[in-house]
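A.B. asks: Below you will find the structure I want to go over with you.
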Amino acid sequence: MMKFVQHRRGMVLGLILASTFAISARAEQPAANTAGATSTVTTFAAASLTNAFQDIGKAFEAKGKPAVRFSFAASSALAKQMEAGAPASIFASADLKWMDYTDSKGLTLKDTRVVPIGNALVLVAPADKAKPVTIAKGMDIGALLGPNGRIATGLTDSVPVGIYAKTAFTSLGLWDKVAPRIVGAESVRAALALVERGEVPYGVVYATDAAIAKNVKVVAVFPADSHPPVEYPFALVKGQDTPAAKEFFAFLTSPEAKEIYKKYGFTVR
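Rendered as structure tokens:
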């Protein structure tokens with residue numbers, strides 16, 4: 005009986021020592037490993053950045069870095085969401101206006117702001133009906149659209165692509181005639197979808213969006229001097245600039261990321 009009790013005591017002592025060792029071993033693991041596994045970087049980005057940013061996020065995570073979560077929409081909508089308290093670590097806008105807006109509201113860190121990429125403004129049409137168009141002052145927009153034709157683009161008072169489009173048509177002296185024909189969408193991708201489905205004969209989108217569309221072709225490129233440069237400013241969000249966010253923010257302008265931008269047709273600076 006005494007031997008059995010001693011044996012049981014030895015087993016209990018052994019289990020306690022083994023558990024203590026296991027806990028100590030876990031505690032001695034490098035902090036970076038657990039942080040990397042649990043940290044998540046939330047990035048609010050313009051809809052036109054969807055494909056490029058998704059690829060960049062995968063490349064970042066493949067290096068064992070923190071997970072990246074994206075919210076893609078019109079820059080205007082994202083800025084308003086941030087103002088309403090939506091959590092984000094990085095904001096990537098499709099124009100300077102909405103980055104200026106978040107700066108003015110104290111939402112983004114102005115000293116982190118960079119403008120690493122650009123884009124082009126194009127006119128697109130369904131692939132099966134696409135014919136080259138010459139965009140110039142005095143062009144007969146009525147003849148192009150016909151009696152009922154419309155042009156899809158972003159909302160011209162808020163969505164960056166729509167603002168660029170309105171500026172371009174205005175500078176070309178065409179806005180008064182084009183305005184009644186505009187179908188305003190909530191984002192550039194929504195406008196592109198209208199053209200893809202053949203619901204409208206033309207759309208004004210970015211060159212990179214047209215490049216990934218299956219049933220759409222570019223029929224004209226807007227003159228560069230008809231609108232401000234299409235620029236994408238990025239910035240860290242105030243109070244959310246964690247080490248993980250800073251690391252991904254730096255990766256967004258890395259040589260590897262720049263190659264991905266080029267693949268999708270962005271202009272890299």
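If you want this note's numbering, it's the 1-based position in the sequence shown plus 4. Even for Gly, the Cβ is constructed at its ideal location relative to N, Cα and C.
1) By the DSSP assignment, the beta strand (DSSP E) with A224 in it spans what residues?
2) Considering only residues of the same chain and omitting the five flanking positions on each side of P259, which have a CB-CB separation below 7 Å?
3) Give every residue of the same chain whose Cβ lies closer than 6 Å to the Cβ of P184, excluding the five residues on either side of it in the sequence, and list them in chain order.
4) Pull up the distance between the alpha-carbon of D132 and that of L198, whole angstroms please.
5) With DSSP as the reference, identify every bridge partner of A49, one or two as the case may be.
6) Would G207 pass as a contact of I155 if the rule is Cβ separation under 8 Å?
7) Would you identify the three-state DSSP class for E190, choosing helix, strand or coil?
8) Take A124 as the anchor and find which of A254, Q244 and A214 has the nearest alpha-carbon.
9) For G110, is the classification buried or exposed, using 16 other Cβ atoms within 10 angstroms of its Cβ as the cut-off for buried?
10) Would you kindly report the start and end of the unbroken alpha helix (DSSP H) that includes F252?
11) How many angstroms separate the CA atom of P232 from the CA atom of T106?
12) For F74, which option in S43, A92, A211 and S162 has the closest C-alpha, if you only look at C-alpha atoms?
13) Straight-line CA distance for I139 to V225?
14) Less than 7 Å between C-beta atoms, sequence neighbours within five positions excluded: which residues of the same chain meet that for S191?
15) Looking only at DSSP bridge pairs, what is V199 linked to?
16) Excluding five sequence neighbours on each side, which residues of the same chain lie with their C-beta closer than 7 Å to the C-beta of I4?
17) If you run the structure through DSSP and keep just helix, strand and coil, what is A172?
C.D. replies: Based on what the coordinates show:
1) V220 to V225
2) none
3) none
4) 15 Å
5) F76 and A96.
6) yes
7) coil
8) For the set A254, Q244 and A214, the Cα lying nearest the Cα of A124 is the one of A214.
9) exposed
10) P247 to F255
11) Their backbone Cα atoms lie some 20 Å apart in a straight line.
12) A92
13) Linking I139 to V225 through their CA atoms gives a straight-line distance of about 8 Å.
14) A51, A77, A78, G158 and V163
15) In DSSP, V199 forms no bridge with anything.
16) Given a span of 5 to 273 for the chain in the structure shown, any question on residue 4 remains unanswerable.
17) helix
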